[in-house]
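The sequence shown begins at 1265 in our numbering and counts up one residue at a time.
Glycine residues also receive a C-beta, built at the ideal position from the N, C-alpha and C atoms.
It should be emphasised that the depicted structure is a prediction, and the values quoted were computed from it without experimental measurement.
Okay, structure first, notes after.
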Amino acid sequence: MSSKAVRILKKIAIWFSSALLVFGVFLILLLTKNLTKLGKSEEMVVRKVDVQLPPPPPPPPPIKIRQSTSESNTPSFSLVGAGSGPKLSYAEKPDFGLAHLLEVEQPEFDLGDIDFSKALTVDFPVLKVENLDTIPRALSNRTSKFPPELIQRGIRRVSTRVELIIDQNGRPYIKKIVDSVYPEMNATIREWVKNTMFTKPTKNGQPVQAIYSYEIIFNYGR
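Now the structure itself:
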C-alpha cells in the first residue's frame, strides 16, 4: 500500500474517533439531563399544615350528695308528785328519725352525789332516744320532796329540763341539769333521778346506752 493511502486511512480513523468521542459526550449529556428530570419528578413536596383540633369536651359537673336529715321532737315527761307518788306521761309524740350513732365527746356529768363512774361503759354505744327500739319507761313511782323554800314563796309547780344518760341496765345518770328554774330544785332533780329506774334501752334487740333530754314537771299538793 502506498504511503498516500496510509495517510488517508489515518485521517479517516482520527475523524471517526473524534466523531465517536463527540457522540459519546452528547449521549452522556443527554442521559444526565434525563436522570436529573427523573430525580426532580420523584421529589416529595412536604408542606407544613396547621390543623386546629376541636377543644376537649368540658368535664362533667361534680356530683352533689345531699344527706337527708330528719328532725325529731325530743320527748318530754311530766312528773306529778308529793301526793300519791310521781306519774310519768309523754308531753308529745316523738317523730322518729334515721337511726345513727350519737358521737358523744367526753361528757361533763353533773356529779352531785351519784357515783356513775363504775356503771357507765364504753362497750355499749350511746344513742339518741328517737333511735331506740322503744322509748324507755320509768319503772319507779316514788315521791320526790318538793323544796319547802319554794312552798313558802307560793311556788307549787316547776317545769325543769335535764339531760340524762341511761345505761344498758336502765339506770339513769345526770349528764347535765339544763334548766332547774330555781337552784333549790337541783337537789329535787337529783333525788328523783337517784330513785328512778327505766326499762332497758335497746337497738335492734341489743342493749345500748341512751341519751335523754326531757322535761320533768314537779307539782306540789296534787
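Rounding to the nearest angstrom, what Cα-Cα distance links ASN1450 and ILE1441 in this structure? 8 Å
As a quick exercise: from GLN1432, VAL1390, GLY1418 and PRO1436, pick the residue whose alpha carbon is nearest that of VAL1426. Among GLN1432, VAL1390, GLY1418 and PRO1436, the Cα nearest to that of VAL1426 belongs to PRO1436.
Alpha helix (DSSP H) segment containing LYS1458, residue limits: 1449-1458
To which residues of the same chain is ARG1406 closer than 6 Å at the C-beta, ignoring the five residues directly before and after it? ASN1459
Continuous beta strand (DSSP E) stretch holding GLN1473: start and end: Per DSSP, GLN1473 belongs to the beta strand (DSSP E) from 1473-1483.
DSSP three-state call for LYS1487: helix, strand or coil? Residue 1487 is absent from the model: the chain starts at 1265 and stops at 1486.
Cα-Cα, which of ILE1276, THR1463, PHE1290 and PRO1321 is closest to ASP1431? Distances from the alpha-carbon of ASP1431 to those of ILE1276, THR1463, PHE1290 and PRO1321 put THR1463 closest.
Go ahead and label GLN1470 buried or exposed: buried means 16 or more other beta carbons lie within 10 angstroms of its beta carbon, across all protein chains shown. GLN1470 counts as exposed, since fewer than 16 other C-beta atoms from the protein chains shown sit within 10 angstroms of its C-beta.
Between the alpha carbons of LEU1414 and ALA1402, how many angstroms are there, rounded? 26 Å
Given a cut-off of 7 Å on the beta-carbon distance, is the pair ARG1461 and SER1404 in contact? With the sequence shown as reference, residue 1461 is identified as Met, and Arg is not the correct amino acid for it. Closer than 7 Å, so yes.
By the DSSP assignment, the beta strand (DSSP E) with ILE1430 in it spans what residues? 1421-1430
Under the three-state DSSP convention, the category PHE1280 falls into: helix
Where does PHE1287 fall in DSSP's three states? Reduced to three states, the DSSP call for PHE1287 is helix.
Which listed residue (SER1477, VAL1390, LYS1467 and ASP1443) has its alpha carbon closest to that of ASP1397: Checked all of SER1477, VAL1390, LYS1467 and ASP1443; the closest Cα to ASP1397 is LYS1467.
LEU1273 (DSSP reduced to helix, strand or coil): helix
Please list, in chain order, all residues of the same chain as ASN1433 whose beta carbon is under 7 Å from its beta carbon, the five residues on each side excluded. Setting aside the 5 residues that flank it on each side, ASN1433 is surrounded in the same chain by LYS1464, each with a C-beta closer than 7 Å to its C-beta; the list follows chain order.
Return the CA-CA distance between VAL1472 and ARG1417, expressed in angstroms with no decimal places. 42 Å
On the premise that TYR1484 lies in contact with PHE1410, defined as a C-beta separation below 8 Å, what is that separation, rounded to the nearest angstrom? 4 Å
Please report the distance separating the alpha-carbon of VAL1286 from that of LEU1294. VAL1286 and LEU1294: Cα-Cα distance of roughly 12 Å.
Give a yes or no on whether the C-beta atoms belonging to THR1424 and ILE1399 are separated by under 7 Å. no
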